[in-house]
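Structure, as structure tokens:
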Amino acid sequence: MTIQTQVDYTMRNTRFPLATRCGLTALPLAFALALPTTAVLADSKEAITASIQKHMPGVPIDSIEETPAKGIYELTSNGQIAYLTGDGKYLIAGDLIDVANQQNLTQAKQQSQRLVYLKDVSAERKLVYPADGDTRHAITILTDPTCPFCDKLHKELPKLREAGVEVTYILTPRQGPGSKGFEVSSKVACADDPKEALERAMKGDSVDAEACHNDMIKENLALSNRLGMSGTPYTILPNGAAMPGYRPANIMLQAIEQSGR
260 MTIQTQVDYT MRNTRFPLAT RCGLTALPLA FALALPTTAV LADSKEAITA
310 SIQKHMPGVP IDSIEETPAK GIYELTSNGQ IAYLTGDGKY LIAGDLIDVA
360 NQQNLTQAKQ QSQRLVYLKD VSAERKLVYP ADGDTRHAIT ILTDPTCPFC
410 DKLHKELPKL REAGVEVTYI LTPRQGPGSK GFEVSSKVAC ADDPKEALER
460 AMKGDSVDAE ACHNDMIKEN LALSNRLGMS GTPYTILPNG AAMPGYRPAN
510 IMLQAIEQSG R
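FYI, the numbering for the sequence shown is 260 to 520, going by the numbering used here.
Below is the structure:
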């Protein structure tokens with residue numbers, strides 16, 4: 260079981276319609292809105308841990324931390340964030356907002372987490388397209404070789420690179436193991452020249468390679484869950500904010516500049 264959080268969008272008051280990305284075949288299970296109250300537990304991390312393990316045993320616990328809100332604790336599970344009361348009785352689905360400072364604390368935590376997760380990705384799992392000249396920014400894109408919107412975004416790479424943006428691809432087939440995208444992604448990763456193979460795959464041409472990196476692609480899929488991927492393409496901006504879907508280069512460059520890093 261996983262817990263689902265809202266996908267954060269980079270540019271305030273901007274909407275990213277589903278028609279700009281290739282959707283997932285299934286979404287994670289939604290939050291349980293309240294935990295059973297069969298026992299009275301003390302306000303503590305131990306109480307929260309015990310309650311989750313008893314009533315939601317399928318939910319992994321990465322961390323439980325105090326928040327600035329009195330009596331409210333932050334639960335991180337497989338990259339997703341929820342909040343619980345200190346007695347472990349109630350789980351709250353939604354963002355924690357610092358009203359006085361007008362700051363979305365949940366979004367800020369998600370962004371910092373994404374950057375940490377990406378640092379742990381090995382070089383062999385990446386396809387890096389360096390910036391032309393000096394690197395001003397670096398972004399990561401989760402892409403699927405069989406996704407038409409990924410192909411559209413791929414065509415924007417020259418403009419992004421000319422603007423000083425280094426682009427890193429991570430092959431992430433949106434339909435998971437057993438899908439055509441999974442097989443093609445594995446073949447691309449196994450090819451003598453993965454970038455050339457990706458070009459062929461994006462055009463719908465066959466890739467002359469064996470699908471020998473299935474485990475690697477599964478690792479990428481696990482990463483996509485932690486990053487909150489809602490479909491492909493899925494771009495992680497320099498500050499860790501996520502931008503789902505296809506956008507032309509000029510819009511992407513605006514978002515990259517606004518990311519503040």
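For every residue, glycine included, the Cβ atom is placed at its ideal position computed from N, Cα and C.
Residue interval of the alpha helix (DSSP H) (run including residue i)
i: Glu324; result: No alpha helix (DSSP H) contains Glu324, which is instead part of the beta strand (DSSP E) from 322–325.
i: Glu478; result: 473–486
i: Thr308; result: 304–314
Beta bridge counterpart(s) of residue i as assigned by DSSP
i: Ser371; result: DSSP, once it has assigned bridges, lists no residue as partnering Ser371.
i: Ile356; result: Asn363
i: Val426; result: Tyr388, Ile398
i: Ile515; result: Beta-bridge pairing links Ile515 to no other residue.
i: Gly282; result: Gly490
i: Ala468; result: Ala468 pairs with nothing; no bridge assigned.
i: Ile510; result: Answer is none; Ile510 lacks a bridge partner.
i: Leu350; result: Leu343
Proximity below 9 Å, CB of residue i to CB of residue j
i: Arg395; j: Leu430; result: no
i: Leu457; j: Leu386; result: yes
i: Asn479; j: Asn337; result: no
i: Pro389; j: Arg433; result: no
i: Ser438; j: Met475; result: no
i: Tyr332; j: Ile340; result: no
i: Gly353; j: Thr308; result: no
i: Ile510; j: Ala501; result: no
i: Gln312; j: Gly499; result: no
i: Leu283; j: Tyr376; result: no
i: Gly345; j: Ser303; result: yes
i: Tyr342; j: Ile351; result: yes
i: Ala470; j: Glu516; result: no
i: Ala397; j: Pro316; result: no
i: Asn512; j: Val424; result: Correcting the residue identity first, residue 512 is Leu in this sequence and not Asn. It is a contact, given that the beta carbons lie within the stated cut-off.
i: Val405; j: Gly440; result: In the sequence under discussion, the amino acid at residue 405 is Thr, which differs from the Val named in the question. Yes.
i: Asp410; j: Met461; result: yes
N- and C-terminal bounds of the beta strand (DSSP E) containing residue i
i: Thr344; result: 339–344
i: Ser544; result: This structure leaves residue 544 out entirely; the chain is present only between 260 and 520.
i: Asp332; result: Just to set this straight, residue 332 is Tyr in the shown sequence, not Asp. 331–336 is the extent of the beta strand (DSSP E) around Tyr332.
i: Pro503; result: 501–503
Near the ligand NAD: residue i beta-carbon under 8 Å from a heavy atom
i: Lys329; result: The model on display carries no ligand, and the ligand NAD is accordingly not part of it.
Is the region 402–418 close to the region 497–508, with three or more CB pairs under 8 Å? yes
Validate contact between the region 480–491 and the region 393–408 using beta carbons, cut 8 Å, 3 pairs: yes
Cβ pair count under 8 Å reaching 3, the region 444–454 against the region 464–477: yes
Is there contact here, the region 353–364 with the region 322–330, by at least three beta-carbon pairs under 8 Å? yes
Considering only residues of the region 407–457, which uninterrupted beta strand (DSSP E) runs meet the minimum length of 3 residues and lie entirely inside it, listed in chain order? 424–430
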